[in-house]
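Below is one structure, written out as structure tokens, with a few remarks after it.
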Amino acid sequence: MMYTKEMQVGKKKRRKKHKPSIIQKKDGRCYLCMLLDEDNGVKKTQEHHIFGGANRDHSEETGLKVYLCLEHHTAGKLAVHRCKDTRRLLEQIAQREFEEDHTREEFMEIFGKNYLND
Ligand SMILES: [Zn+2]
Ligand SMILES: [Zn+2]
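For the sequence shown, this note's numbering assigns the number 1308 to the initial residue and increments by one for each residue that follows.
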């Protein structure tokens, strides 16, 4: 997570709409622990926006985020911020989830890319 205390100081709190994740409910579990390790344990998790960079705000607005333990977020070998395959896996899951309620055209219009092969 790039947000530091310093960045928030001196800046008025922006009242941005925070959408809950449409992929996972926030209950202290790590999405990737459950998916990859069948580990349903509660641990310290961090919010991860599945599409980053210029699309980070779009991830927020569409609720395409998951909650990850530190290991799966940034620290471990398979962490989404370190491993291309993990990142792609989550991107595909997110696009699929989005397309439950939207068309592929809408997805590509927002995110500029298609991550699915089907
Ligand atoms: Zn995890
Ligand atoms: Zn992240």
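Ideal Cβ positions, reconstructed from N, Cα and C, are used throughout, including at glycine.
query, result
"Which residue marks the beginning of the beta strand (DSSP E) containing H1355, and which one marks its end?", "T1352 to H1356"
"By Cβ distance, which residues of its chain are closer than 8 angstroms to H1327, with the 5 residues on each side in sequence left out?", "The sequence given here places Pro at residue 1327; His does not occur at that position. Excluding sequence neighbours, P1327 sits near K1333 and G1370."
"Y1422 and R1395: beta carbons closer than 8 angstroms?", "yes"
"What number of angstroms, rounded off, separates the C-alpha of C1340 from the C-alpha of H1380?", "11 angstroms"
"So does V1387 have its beta carbon nearer than 7 angstroms to some heavy atom of ligand 2?", "yes"
"Quick check on the DSSP output: the alpha helix (DSSP H) that includes K1391 runs from which residue to which?", "K1391 to F1405"
"Using 8 angstroms for Cβ pairs, my map puts I1330 next to I1400. What's the rounded Cβ distance?", "7 angstroms"
"What number of angstroms, rounded off, separates the C-alpha of Y1374 from the C-alpha of E1412?", "27 angstroms"
"Spatial neighbours of C1337 within its chain, please: C-beta separation below 7 angstroms, excluding the five flanking residues on both sides.", "K1350, T1352, Y1374, L1375, C1376 and H1379"
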